[in-house]
Amino acid sequence: MASTILQLSGITKRFPGVVANDRVDLELKEGEVLALLGENGAGKSTLVSILYGLYRPDEGEIRIEGQPVHIASPAHALRLGIGLVPQHPLLVGRHTVAENLALGVGRFWFPAQRMVPLIEQLARSYGLEVDPHARVHQLSPGEKQRIEILRALLRGARVLILDEPTSVLTPLEAEALFRVMRELRSAGKSLIFISHKLDEVLAIADRVSVLRRGKVVGELPVAEATKPRLAELMVGRSVSFERKRAEPRLGPVLLEVRGLQARSSRGLPALRGVSFSLRQGEVLGVAGVAGNGQSELVEVLSGLRRAEAGTLTLEGRPLVTDPARLFEMGVAHIPEDRIRMGTVPPMPVSENLALREYRKPPLARGFFRDLAAYEERAKAQVRQYAIATPSPSTPTRLLSGGNIQKVILARELAGSARLILAVHPTYGLDVGATEQVHQILLEKTYQGAGVLLVSEDLDEILALADRVAVLYQGRLQGPFEVGSLTREQIGLLMTGSSLPSGQGGAA
C-alpha cells in the first residue's frame, strides 16, 4: 500500500463573516491523483493557498511524510516539496523557456544555459515536450503550462497542485496534459487536481474529495464515482447532464456578418474576411483557442472596436458602433472579464444592475437618482435571477463568481435583448451556477433572441449550440451543424488542421 505523503487534519480558516475551511481532513498518497471538487466559494482556493504558504490556518495540522509542518511561504512550500501549477501561467513572454526557468533558482543569478540540459532531461523523463530556446510569447497555452510543471519539478516538487489546468487548453492539449499526469503518477509524484469538468476527473483521478461550504462532504474512489453523484455532492441537489438544447424554433436571419476584417490592439490582422449569419432563436457557438480573433469579433459586434472592412446588419439594419445605442437596438454583451469589464466591483449590487439604464426613469428623476427605485428594482432582479447576496447594497466584489455573472445577466437581459453576445459565460463557474446560466440563455432563445456563444469549453458549445464555427488565426471555418462534428474534429479545427473531405459539411 502506498504511503501517505501529505495529511491535513482539522484545517480551519476564517475570514470576517465567513468560515472558508471548516475542520477539513485530507490525505494524499504517494503516486496518487486526488481530485478536489467543489462549488465556487466552497473553500478549494483557500485550502490550496494554505498548502502553498499564502495563508496560515487558524486551526489544524499539516503533516508531510508524518512530520508536522508550518508552511510559511511559497518558497517554504517548494522546499518542502509542494509545487503549484497555476491556472494562468506566470511567465515572462519575451524571455526563453530556459530564462524563465532560471528565474529564482540561484540566490542572485543563475545562467540560463546551465538550465538547458536539466530541462531536456526532465522533459524526456515525463513526456514534457518543450524547446528550452523558444520565446514564451510564441508558445501555445499547453506549452506554457508544461513550463510551469517543469518549474515545479526543477524545484524538487513531489506534490503538484494543478489548478483548473485544462481551462485554456484545446481537447488535444488536454489529452497531452493527462499523458504527462500519468507519467508523473507512475514516477511516484502525487497530484492534487482541481477541476470543474467532471468527465476529466473521472478520466484521470484515483480518488475524489468534495468540498461544500468549507467542509468535506464526500470522499470516494473514482471507481465508485459518477457524474450525477459528484455533482449532487458539490451542489447539494441533482444536476442534469443531458443535452440542454430543445428543438429550436428558428426565425428569420437576425445578425448578418459579411467579409469582416479588423486589427488587434497591436495593429496586426485579427479578423480576415469573417462571414456568418445568426437566426432568431438560434445559438451559434464560436470555438477556438484564445488569441485567434474571438475577442476582436465580439468587440466589433459590441461597438468596442472599429472594423476595417465588411458589413454588419441586425434585422436588416446596419449595426451602429456606439455601445449605448447598440443596447437600445437590443444587443446585450456578457463580457469575458466579469470583474474588470462586466462590473464595478466596489459598487453595490443595486448600482451594478442599473449601469445600463441609470439615466432613465424610474431610476432617474431629472438630474437625480431615485435610490428607492434602485433598491426596488434590484430586489426584483435578485429574486428573478436567484442572485445569492446578503442585500442589494452589498458590494459586488463580495459575491462569488457565479453570482457576479448573474448580476451581469440580469442587467444585460433586462431590456428587450434580441442579440446576446455571451463570451465564456460560465468560465470558472461550478456545475450548479453553470446550469443556471445555461438555462437563462436558453430561455431567451425560446423568446426569439439569438445567442452568439464564444467559448473554449467544447462541452458547453455541444450542450447549447445549434451550429458551431471555429476561429483560427482570424479565419472562420463553418458554421457546421452541431451533430455533424465530434469533439475530436472540432479540436482539430481549433489547431488549424483541416477535416478529411466529406466530413462536417458547413451549414
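Quick note on numbering: the UniProt record's numbering labels position 54 of the sequence shown as 54, and the sequence is numbered without any gaps.
Just so it is clear, CB atoms sit at the ideal spot from N, CA and C, and this is done for glycine as well.
| Query | Result |
| --- | --- |
| Please report the residue range of the beta strand (DSSP E) in which Leu184 lies. | Here Leu184 belongs to no beta strand (DSSP E); instead the alpha helix (DSSP H) covers Pro171 to Ser186. |
| Determine the DSSP secondary structure at Gln447, reduced to helix, strand or coil. | coil |
| Glu296 lies in the alpha helix (DSSP H); which residues open and close that run? | Gln294 to Leu301 |
| Compute the Euclidean distance between the alpha carbons of Gly38 and Ser265, then round it to the nearest angstrom. | 37 Å |
| Looking at the secondary structure, which residues open and close the alpha helix (DSSP H) in which Asn403 lies? | Gly401 to Glu412 |
| Determine the direct distance from the alpha carbon of Met341 to that of Ala465, and round the result to whole angstroms. | 25 Å |
| Does the region 438-448 come into contact with the region 278-285, if we say contact requires no fewer than three beta-carbon pairs (one atom in each stretch) closer than 8 Å? | yes |
| Nearest-angstrom Cα distance between His137 and Pro89? | 11 Å |
| Give the C-beta separation of Glu296 and Ala270 to the nearest angstrom, bearing in mind that I take them to be a contact with Cβ-Cβ under 8 Å. | 4 Å |
| Would you say Pro132 and Ala98 are within 9 Å of each other, going by their C-beta atoms? | yes |
| Buried or exposed: which applies to Ala388, given that a residue is buried once 16 or more other Cβ atoms fall within 10 Å of its Cβ? | exposed |
| Do you know whose CA, among Pro117, Lys29, Leu51 and Glu61, lies nearest Ala75's CA? | Leu51 |
| Just mark Ile339 as buried or exposed, buried being the case when its beta carbon has 16 or more other beta carbons within 10 Å. | exposed |
| Sorted by chain position, which residues of the same chain lie with C-beta nearer than 8 Å to Thr12's C-beta, five sequence neighbours on each side aside? | Val19, Asn21, Asp22, Arg23, Val24, Pro57, Asp58, Glu59 and Gly60 |
| Which partner residues does Ser209 have in the DSSP bridge list? | Leu36 and Glu219 |
| Can you name, in chain order, every residue of its own chain whose Cβ lies under 7 Å from the Cβ of Lys379, other than the five neighbours on each side? | Pro392 |
| Under the rule that 16 or more other beta-carbon atoms within 10 Å means buried, what is Asp163, buried or exposed? | buried |
| Return the chain-ordered list of same chain residues with a C-beta closer than 7 Å to the C-beta of Phe327, the five sequence neighbours on each side being excluded. | Arg356 and Gly415 |
| Smallest Cα separation from Ala386: which of Arg212, Gln439, Pro479 and Ala223? | Gln439 |
| Just verifying my parser: in three-state terms, what is the DSSP assignment at Val468? | strand |
| With DSSP run on the structure shown, which of helix, strand or coil describes Gly60? | strand |
| Please classify Glu299 as buried or exposed, where buried requires at least 16 other C-beta atoms within 10 Å of its C-beta. | buried |
| Where do the ends of the alpha helix (DSSP H) carrying Asp199 lie? | Leu198 to Ile204 |
| Any idea if Pro228 is buried or exposed, counting beta-carbon neighbours within 10 angstroms, 16 or more meaning buried? | exposed |
| CB Val201 to CB Leu230, shorter than 9 Å? | yes |
| Should Ala35 go down as buried or exposed, given a rule of 16 or more other Cβ atoms within 10 Å for buried? | buried |
| When DSSP builds the beta bridges, which residues end up paired with Asp163? | Ile194 |
| Classify Ile387 as helix, strand or coil using the three-state DSSP reduction. | coil |
| Using only the alpha-carbon positions, how far apart do Arg79 and Ser190 sit? | 16 Å |
| Determine whether the beta carbon atoms of Leu419 and Leu172 lie at a separation below 9 Å. | no |
| Determine the burial state of Asp337: buried for a count of at least 16 other Cβ atoms within 10 Å of its Cβ, exposed for fewer. | exposed |
| Along the chain, where does the alpha helix (DSSP H) that runs through Leu492 open and close? | Arg487 to Met494 |
| When the Cα of Pro425 is compared with those of Gly218, Gln67, Glu456 and Ala176, which residue comes out closest? | Glu456 |
| From which residue to which residue does the alpha helix (DSSP H) around Ala20 run? | Here Ala20 belongs to no alpha helix (DSSP H); instead the beta strand (DSSP E) covers Val18 to Lys29. |
| The beta strand (DSSP E) that contains Gln121, what's its start and end? | Not the beta strand (DSSP E): Gln121 falls in the alpha helix (DSSP H), residues Met115 to Tyr126. |
| DSSP three-state label for Ser277, please. | strand |
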